[in-house]
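Single-structure report; data block below.
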Amino acid sequence: RKEVEQDPGPFNVPEGATVAFNCTYSNSASQSFFWYRQDCRKEPKLLMSVYSSGNEDGRFTAQLNRASQYISLLIRDSKLSDSATYLCVVNKGDRGQNFVFGPGTRLSVLP
Amino acid sequence: DGGITQSPKYLFRKEGQNVTLSCEQNLNHDAMYWYRQDPGQGLRLIYYSQIVNDFQKGDIAEGYSVSREKKESFPLTVTSAQKNPTAFYLCASKRYSSGGQETQYFGPGTRLLVL
Chain A
1 RKEVEQDPGP
11 FNVPEGATVA
21 FNCTYSNSAS
31 QSFFWYRQDC
41 RKEPKLLMSV
51 YSSGNEDGRF
61 TAQLNRASQY
71 ISLLIRDSKL
81 SDSATYLCVV
91 NKGDRGQNFV
101 FGPGTRLSVL
111 P
Chain B
1001 DGGITQSPKY
1011 LFRKEGQNVT
1021 LSCEQNLNHD
1031 AMYWYRQDPG
1041 QGLRLIYYSQ
1051 IVNDFQKGDI
1061 AEGYSVSREK
1071 KESFPLTVTS
1081 AQKNPTAFYL
1091 CASKRYSSGG
1101 QETQYFGPGT
1111 RLLVL
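Residue numbers (the working numbering), protein chains in the order written: chain A, 1 to 111; chain B, 1001 to 1115.
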């Protein structure tokens, strides 16, 4: 089993739709969690950290369920500019080699 | 501007040639990382360094070498021993937030192609 798994995608949704991405991780000792966004042929950029209580940033909502080892990202009112690959990232908490990246889920928002 | 820079943006390697990718950061971050990304795949860790003059192998270190002589700089050399070097190479550095949470930030990447 991979350490971090994500919905395989791609997701093709119309503008204005709500879309949810799911991510599971295998290491129960993982300490912190992130969603990154990666545009085609660009570097990943931090979208948001994920906190135990859940957190929201505008149209984006992230949730963490430690018991189920599950992270989600919800995007409301999708924009064309949201089209990208979304990477789930887990910090295992070990010193140094501690960030594990999921394979990503590609989103295309269609006009 | 504070940030991470990588150069060159594109690099072409001939068979049997060693090439070096540059990564510089002025964020005063202690830890730096090199990842490789192949088309349609996730990031894989090549090497990382937590402090100057110290570095550790990641998951796919074979055929690569690094140095960390300065805090700001973490160059990656792709040696001739790396038989399939064509990929997108990403450098990252890590900061600690006031709440103790670590966050990684990435440079713009170098795309390496073999001629």
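We put the CB at the ideal spot given by N, CA and C, even for glycine.
Span separating the alpha-carbon of residue i from that of residue j
| i | j | result |
| --- | --- | --- |
| Lys1014 of chain B | Ser1080 of chain B | 9 Å |
| Thr18 of chain A | Cys40 of chain A | 22 Å |
| Ile1004 of chain B | Pro1075 of chain B | 12 Å |
| Ser1049 of chain B | Asp57 of chain A | 32 Å |
| Cys23 of chain A | Pro8 of chain A | 10 Å |
| Leu80 of chain A | Gly102 of chain A | 23 Å |
| Gln1082 of chain B | Gly16 of chain A | 46 Å |
| Tyr25 of chain A | Phe1088 of chain B | 25 Å |
| Asn12 of chain A | Glu5 of chain A | 20 Å |
| Tyr51 of chain A | Ser72 of chain A | 11 Å |
Interface residues of chain A facing residue i [CB-CB closer than 8 Å]
| i | result |
| --- | --- |
| Tyr1105 of chain B | Leu46 |
| Gly1039 of chain B | It should be noted that the sequence gives Pro, not Gly, for residue 1039 of chain B. Result: empty, since nearest Cβ-Cβ is about 10 Å, beyond 8 Å. |
Outcome for residue i when other beta-carbon atoms lying within 10 angstroms are tallied against a minimum of 16
| i | result |
| --- | --- |
| Asp1059 of chain B | exposed |
| Asn98 of chain A | buried |
| Arg1 of chain A | exposed |
| Glu43 of chain A | buried |
| Tyr1105 of chain B | buried |
| Ile1051 of chain B | exposed |
| Ala20 of chain A | exposed |
| Phe1012 of chain B | exposed |
| Ala29 of chain A | exposed |
Proximal residues to residue i (C-beta, below 6 Å), its chain only, five neighbours per side dropped
| i | result |
| --- | --- |
| Tyr1010 of chain B | Arg1111 |
| Gly54 of chain A | Gln63 |
Contact list for residue i against chain B, beta-carbon separation under 8 Å
| i | result |
| --- | --- |
| Glu43 of chain A | Leu1090, Phe1106, Gly1107, Pro1108 and Gly1109 |
Neighbour list for residue i in chain B, Cβ cutoff strictly below 7 Å
| i | result |
| --- | --- |
| Asn91 of chain A | Glu1102 |
| Gly58 of chain A | Within chain B, no residue comes near Gly58 of chain A; the closest Cβ sits about 19 Å away, beyond 7 Å. |
| Gly9 of chain A | Those do not exist, as Gly9 of chain A stays about 11 Å from chain B at its closest Cβ, beyond 7 Å. |
Own chain residues within Cβ distance below 8 Å of residue i, not counting five before or after
| i | result |
| --- | --- |
| Gly1016 of chain B | Ser1080 |
Residue i: contacting residues in chain B (beta-carbon distance under 9 Å)
| i | result |
| --- | --- |
| Gly54 of chain A | By Cβ distance, chain B contributes nothing, its closest Cβ being about 16 Å from Gly54 of chain A, past 9 Å. |
Contacting residues, own chain, Cβ-Cβ under 7 Å from residue i (five flanking each side not counted)
| i | result |
| --- | --- |
| Glu1072 of chain B | Glu1024, Gln1025 and Asn1026 |
| Phe1055 of chain B | Tyr1047, Tyr1048, Ser1049, Val1066 and Arg1068 |
Chain A contact residues for residue i, given Cβ-Cβ distances below 7 Å
| i | result |
| --- | --- |
| Leu1043 of chain B | Phe101 |
At a cut of 8 Å, does the region 79-98 of chain A reach the region 30-39 of chain A through at least three beta carbon pairs? yes
Three or more C-beta pairs under 8 Å: does that hold for the region 1059-1075 of chain B against the region 1108-1115 of chain B? no
Check whether the region 51-68 of chain A and the region 104-111 of chain A touch, using three or more Cβ-Cβ pairs below 8 Å as the test. no
Cβ pair count under 8 Å reaching 3, the region 76-86 of chain A against the region 1020-1027 of chain B: no
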